[in-house]
């Protein structure tokens, strides 16, 4: 099956800083999603981005499918950005997600 | 907005009990999924369903079964709960290959199950 690796595993930021999270995957994908897991365990959809670039407020994401990686950018970080960020991908069938190990982000005031 | 709800946020059961976890989605999605999340092991797919009465095993189906009698509802069943099934259980749903985000999955709030 597809392998998914996220880096870094942990990230500590000062409020207002910018950061980049990376997701590498081992095969071509039909689905790539970024999620933010809040302290209560809910997975919040950030981006559906099997290719290309998208932006939503202070967050943006880019997937370079030919090189098998995706990047999530957080700009002007806020304490509410703290939590775990997951990248998840699915191959040809598109409907069975494999999750990366996550990046745990802590934004300090 | 897509809404996926799960029957309980927290659940405590005894070893050997039969446990039902319920998931309901309101967006007429064909696909529904059950995952479990454990520290150090991440999120893993238990079962999924692509239509009423249809199911497929995921990566870790042992000890679980599922039921999908109606399109909007997907149940996860622990036939005889064991302590190693203590975990966070997450349900998700998605369309089947249609629309602008054809496979985007939406998750419920999760159920933290403790088996004692």
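Residue numbers (our numbering), protein chains in the order written: chain V, 23 to 131; chain B, -11 to 104.
All C-beta atoms in this analysis are idealised placements derived from N, C-alpha and C, irrespective of residue type, glycine included.
Pick from the options that is closest to residue i, judged by C-alpha positions
i             : options                 : result
residue 49/B  : 38/B, 59/B, 33/B, 61/B  : 33/B
residue 69/V  : 91/B, 56/B, 97/B, 96/B  : 91/B
residue 72/V  : 93/B, 97/B, 98/B        : 93/B
residue 53/V  : 91/V, 61/V, 31/V        : 91/V
residue 84/B  : 69/B, -2/B, 36/B        : 36/B
residue 34/V  : 81/V, 101/V, 77/V       : 101/V
residue 67/B  : -2/B, 9/B, -3/B, 45/B   : 9/B
residue 23/V  : 89/B, 97/B, 46/B, 69/B  : 46/B
residue 11/B  : 69/B, 60/B, -11/B, 76/B : 60/B
residue -11/B : -4/B, 14/B, 6/B         : 14/B
residue 105/V : 25/V, 27/V, 26/V, 56/V  : 56/V
residue 21/B  : 69/B, 89/B, -8/B        : -8/B
residue 41/B  : 82/B, 58/B, 26/B, -4/B  : 58/B
residue 131/V : 107/V, 76/V, 58/V, 39/V : 39/V
residue -5/B  : 89/B, 78/B, 27/B        : 78/B
8 Å Cβ shell around residue i - same chain, five flanking residues per side excluded
i            : result
residue 74/B : 101, 102, 103
residue 44/B : 35, 36, 37, 38
residue 71/B : 3, 103, 104
residue 6/B  : 65, 66, 67, 68, 69
residue 63/B : 8, 9, 10, 11, 54, 55, 56
residue 78/V : 68, 69
Strand pairing of residue i, partner residues [DSSP]
i             : result
residue 105/B : Because chain B in this structure spans residues -11 to 104, residue 105/B falls outside the shown range and cannot be described.
residue 24/B  : 32/B, 77/B
residue 67/V  : 57/V
residue 96/V  : 41/V, 81/V
residue 83/B  : Paired residues: none, contrary to the question.
residue 74/V  : 85/V
residue 126/V : 32/V, 106/V
residue 27/V  : 46/V
residue 101/V : BP columns for residue 101/V are empty, so no partner.
residue 100/B : -2/B, 76/B
residue 13/B  : -8/B
residue 58/B  : 61/B
residue 45/B  : 35/B
Buried versus exposed, by CB contacts within 10 Å (16 or more), residue i
i             : result
residue 88/V  : exposed
residue 29/B  : exposed
residue 125/V : buried
residue 24/B  : buried
residue 128/V : exposed
residue 96/V  : buried
residue 118/V : buried
residue 36/V  : exposed
Nonlocal neighbours in the same chain, by C-beta distance under 7 Å from residue i, ignoring five residues either side
i            : result
residue 39/B : 18
residue -2/B : 100
residue 74/V : 85
residue 45/V : 26, 28, 91, 92, 109, 122
Beta carbon proximity, residue i to chain A, threshold 7 Å
i            : result
residue -2/B : The structure shown contains no chain A; the protein chains it does contain are V and B.
Residues near residue i by beta carbon distance below 6 Å, same chain, minus five either side
i            : result
residue 82/V : 95
residue 76/V : 69, 83
At least three beta-carbon pairs within less than 8 Å, the region 107 to 121 of chain V to the region 47 to 66 of chain V: yes
Count the CB pairs spanning the region 41 to 61 of chain B and the region -10 to 3 of chain B that are closer than 8 Å, and state whether there are at least three. no
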